[in-house]
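If you read the protein sequences in the order shown, they are chains A and B. Mapping of the first sequence onto the working numbering: position 216 corresponds to residue 225, and the numbering continues sequentially without gaps. Mapping of the second sequence onto the working numbering: position 284 corresponds to residue 293, and the numbering continues sequentially without gaps.
Protein chains: 2
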Amino acid sequence: MSNRIAVPSAHDVARLAGVSQAAVSRAFTPGACISDATRDKVLFAAKQLGYRPNLIARSLIKGRSDIIGVVVGNARNPFFTLALDLLSTRLRRARRHLLVFTGQSNEYAHVQVEDLLKYRVDGLILMWTRLSPALAEQCRKEGIPVAFLDSRASTTEGFVTVSGANSRGPALIADHLLQRGYRRIAFMAGYQDSATNREREAAFTTRLISHGQAIPMRVVGNFRREPAREATRALLSLNSRPDAIFCANDEMALGALEVARYEFGIDVGRELGIAGFDDIGESSWPTFLLTTYSHPLEEMMDKLADVILDPVQYEPRPQFVMEGELKIRASTDRGRAT
Amino acid sequence: MSNRIAVPSAHDVARLAGVSQAAVSRAFTPGACISDATRDKVLFAAKQLGYRPNLIARSLIKGRSDIIGVVVGNARNPFFTLALDLLSTRLRRARRHLLVFTGQSNEYAHVQVEDLLKYRVDGLILMWTRLSPALAEQCRKEGIPVAFLDSRASTTEGFVTVSGANSRGPALIADHLLQRGYRRIAFMAGYQDSATNREREAAFTTRLISHGQAIPMRVVGNFRREPAREATRALLSLNSRPDAIFCANDEMALGALEVARYEFGIDVGRELGIAGFDDIGESSWPTFLLTTYSHPLEEMMDKLADVILDPVQYEPRPQFVMEGELKIRASTDRGRAT
DNA sequence: GTGAAAGCGCTAACAT
DNA sequence: ATGTTAGCGCTTTCAC
């Protein structure tokens, strides 16, 4: 049935073209020493046979594969699609390819990285996931460039990390809420043990306190919509409701907004301010108009690509914190007349 | 600075363990003829050196890479993330890996597939994109299994295709709208030259006509939100407004819903029925509650994986049309009392 | 500029 | 069960 016809090799092309096999190799190597006449002969024969250089063989010799390994801890992350698209486009220009694995964000990307190393990848990009200390050590020893996106686990030490402004952003949100006159401010946390949540919470709370506020009320929404809805119901059923909620990500904030609007009939913005973090696509829809903080994803992916392509340039292995932008929308608009 | 330490080879391990290099190979080959004693010696030595079999070398010999190439024509497609996650998980169990490329949905995935073939991939999955006739021919000749997701271009002939119910689904929607009493029904098209749109439109229109309706009003939204909003404004400004709109995908339907609700103050469902297609995540949110047709994505990805892993089983190379489910929600609810 | 020859790291006969 | 040997398809000296 589907019997694989033998794929032509450089040898076959050489025979047909009446040259040596080495000449074939040279014909496909940009800038190699070869006469135009020979190259033409080779390329002609190659086209006839449908020859395509075997990159596997090339990789074996060169000791590098032109493949970059990507492990994504949370493929459901709303930015993953965009991130992968940007990265793929960017790396194609550098003639690299992407071997992509999905995994669990709360675990080490151990098996995935293990596999990737067997393919002798030229670099590793870990998004929203961690690296076990043993493998981190391996990568360091073998000199494989590694870059993390939004992961601050201990094993990222000695590697480049690119992340959003998880401290400055929440501080800006705190300032904004206070400036708009909200005073009974609550905070909705993501996963309790997530470094991202801890950073965002600490920055937000600290800022409120430094403005003379009390420690804000606190609920947990685990970064997900359903728990966020539940938490919002609890908050809004209190005798002394908050007049604003800052949620540690947009996913939760949108859930909160829906509950406030449809289950409690609240005029979001005027009666209750809601702010999120990350600026996912839905947040700017007319239906939601959620105040949030947006990350410069393109810059972030460029940085990751740069680091992998030219690791030497980033030798002291800095932690890049990419500044984004506060997006003020109707969900924190109390109306002009205060 | 980052000088790559030489990676240990099977030879190094063999020397350290005091066995032949072939023994090392056997120790890492499940089910190979090797004594426990030898295997232990090898594994111990391997661990000491941090040895990892070089899959590139293995691929060269075996003539297969255990890599499946994926080209996605539209990485912004809301299902891409989920699809990739499902596929990756599914194929990992079969010890395959995913080399992922992004491309343009209206072009051939030519360069991407070209590259993929150089890596001697074991199979190709093309999502929302096409294959040039020349490469299609190549793949057939070389016996490389190819499977398409939602692409009905001419070059898919002779390959397995998995797609949603682009005919039956819209027919069900037509039935549903009529049964709910909507009579002045409009259709919003996606890209004019997309096969998907043509199928959905033909099925919907045909069904309406077969129920004795006139050919529905027609606007174009190009599958995207903004054009859809514009088209909706045009529709709703007509003297004789439609009382229902079927949009060829949810993205457009949600845009239409927002415009109707916020710009025209229309009570969606009662005054104007809106239905979409695909059941993207947002459609089931309390804010929208959009009637739509959902695809069995998990089954679809399973099928794609099956086809690639065991192509012989699918020898007549069928076109799989995966039946989904009509999701009736508030956006087509006229209220009980009619 | 070109060909011959030596490997890259591994698997798969083939002996033993 | 184990070692020896011959490649897989290329790139890269090294002569010429």
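Backbone N, C-alpha and C fix where the C-beta goes; we use that ideal spot for every residue, glycine too. Because the structure is a prediction, the values reported are computed rather than measured.
Just curious, the beta strand (DSSP E) that residue i is in, first and last residue?
i, result
"histidine 220 of chain B", "Histidine 220 of chain B -> no beta strand (DSSP E), and no H or E assigned at all."
"arginine 227 of chain A", "226-229"
"isoleucine 77 of chain B", "76-81"
"alanine 183 of chain B", "Note, alanine 183 of chain B: premise wrong, no beta strand (DSSP E); alpha helix (DSSP H) at 177-188."
"phenylalanine 273 of chain A", "Segment: none, phenylalanine 273 of chain A is in no beta strand (DSSP E) and carries neither H nor E."
"leucine 108 of chain A", "106-111"
"glutamine 328 of chain B", "328-331"
"glycine 173 of chain A", "169-173"
"leucine 298 of chain B", "Neither: leucine 298 of chain B is in no beta strand (DSSP E) and is coded neither H nor E."
"alanine 198 of chain A", "194-198"
"phenylalanine 255 of chain A", "253-256"
"isoleucine 283 of chain B", "282-284"
Looking at chain A, is there any beta carbon in it that lies within less than 8 Å of the beta carbon of residue i?
i, result
"serine 340 of chain B", "no"
"asparagine 12 of chain B", "No answer about asparagine 12 of chain B holds up, because its pLDDT of 46 lies below 50 and its placement is not dependable."
"glutamine 113 of chain B", "no"
"arginine 193 of chain B", "no"
"alanine 23 of chain B", "no"
"tyrosine 271 of chain B", "yes"
"serine 18 of chain B", "no"
"leucine 108 of chain B", "yes"
"glycine 333 of chain B", "no"
"glutamate 235 of chain B", "no"
"glutamate 267 of chain B", "yes"
At least one CB of chain B closer than 8 Å to the CB of residue i: is that the case?
i, result
"isoleucine 65 of chain A", "yes"
"glycine 278 of chain A", "no"
"proline 251 of chain A", "no"
"leucine 69 of chain A", "yes"
"glutamate 239 of chain A", "no"
"alanine 346 of chain A", "Only weak support exists for where alanine 346 of chain A lies, its pLDDT of 44 falling under 50; the coordinates are left without a value."
Closest to residue i by C-alpha separation, out of the options, would be which residue?
i, options, result
"proline 87 of chain B", "B:Ile289, B:Trp294 and B:Leu140", "B:Ile289"
"glutamine 113 of chain B", "B:Asp287, B:Phe53 and B:Arg139", "B:Arg139"
"proline 327 of chain B", "B:Ser172, B:Arg104 and B:Leu108", "B:Ser172"
"leucine 95 of chain B", "B:Ala339, B:Lys336, B:Ala314 and B:Glu324", "B:Ala314"
"glycine 82 of chain A", "A:Leu100, A:Val120 and A:Ala66", "A:Val120"
"tryptophan 137 of chain A", "A:Glu210, A:Ala204, A:Glu235 and A:Phe196", "A:Ala204"
"leucine 144 of chain A", "B:Arg61, B:Ile134 and B:Glu239", "B:Arg61"
"alanine 284 of chain A", "A:Phe273, A:Ala265 and A:Leu306", "A:Ala265"
"lysine 71 of chain A", "B:Asn63, B:Ile77 and B:Gly78", "B:Asn63"
"arginine 270 of chain B", "B:Thr98, B:Met197, B:Ser340 and B:Val33", "B:Ser340"
"valine 321 of chain B", "B:Thr98, B:Leu107 and B:Gly132", "B:Gly132"
"arginine 85 of chain B", "A:Val80, A:Val79 and A:Ser97", "A:Ser97"
"alanine 66 of chain B", "A:Arg216, A:Cys256 and A:Lys127", "A:Lys127"
"phenylalanine 150 of chain B", "B:Glu116, B:Gly167, B:Ile134 and B:His20", "This sequence places lysine at residue 150 of chain B; phenylalanine is not what is there. Looking at the Cα atoms, B:Gly167 is the closest of the given residues."
"aspartate 49 of chain A", "A:Gly59, A:Gly40 and A:Val33", "A:Val33"
"glycine 27 of chain B", "B:Val51, B:Ala15 and B:Phe37", "B:Val51"
"alanine 54 of chain A", "A:Pro17, A:Gly333, A:Ser74 and A:Arg73", "A:Pro17"
"leucine 58 of chain B", "B:Phe89, B:His20 and B:Phe213", "B:His20"
So residue i contacts chain B; which residues on that side make the cut at Cβ distance below 9 Å?
i, result
"threonine 90 of chain A", "Ala84, Arg85, Asn86, Pro87, Phe89, Thr90 and Leu93"
Identify the contact partners of residue i in chain B, using a Cβ-Cβ distance below 8 Å as the criterion.
i, result
"arginine 61 of chain A", "Glu123, Leu126 and Lys127"
"serine 74 of chain A", "Ile65"
Give me the chain A residues within the contact set of residue i, using Cβ-Cβ distance strictly less than 8 Å, ordered along the chain.
i, result
"threonine 98 of chain B", "Thr111"
Check for me: the alpha helix (DSSP H) holding residue i runs from which residue to which?
i, result
"leucine 335 of chain A", "That residue, leucine 335 of chain A, is in no alpha helix (DSSP H); its beta strand (DSSP E) goes 334-336."
"cysteine 148 of chain A", "142-151"
"isoleucine 352 of chain A", "Outside the displayed range of chain A (10 to 347) lies residue 352 of chain A, so it cannot be described from this structure."
"valine 155 of chain B", "Segment 155-158 is the beta strand (DSSP E) holding valine 155 of chain B; no alpha helix (DSSP H) there."
"isoleucine 317 of chain A", "306-318"
Taking Cβ-Cβ distances shorter than 9 Å, what residues in chain A pair up with residue i?
i, result
"glutamate 260 of chain B", "By Cβ distance, chain A contributes nothing, its closest Cβ being about 11 Å from glutamate 260 of chain B, past 9 Å."
Run through chain A and tell me which residues come within less than 7 Å of residue i, C-beta to C-beta.
i, result
"glutamate 307 of chain B", "Correct list: empty, because the minimum Cβ distance to chain A is about 14 Å."
Against residue i, what residues of chain B qualify as contacts under a CB-to-CB distance less than 7 Å, listed in chain order?
i, result
"glutamate 116 of chain A", "By Cβ distance, chain B contributes nothing, its closest Cβ being about 14 Å from glutamate 116 of chain A, past 7 Å."
Mind checking the region 122-147 of chain B against chain A and listing, in chain order, the residues whose C-beta falls within less than 7 Å of any C-beta there?
Asp124, Leu126, Lys127, Tyr128, Arg129 and Gln147
Within 9 Å of chain B by C-beta, residues of the region 291-304 of chain A in sequence order:
Glu291, Trp294, Pro295, Thr296 and Phe297
Mind checking the region 26-39 of chain B against chain A and listing, in chain order, the residues whose C-beta falls within less than 9 Å of any C-beta there?
none
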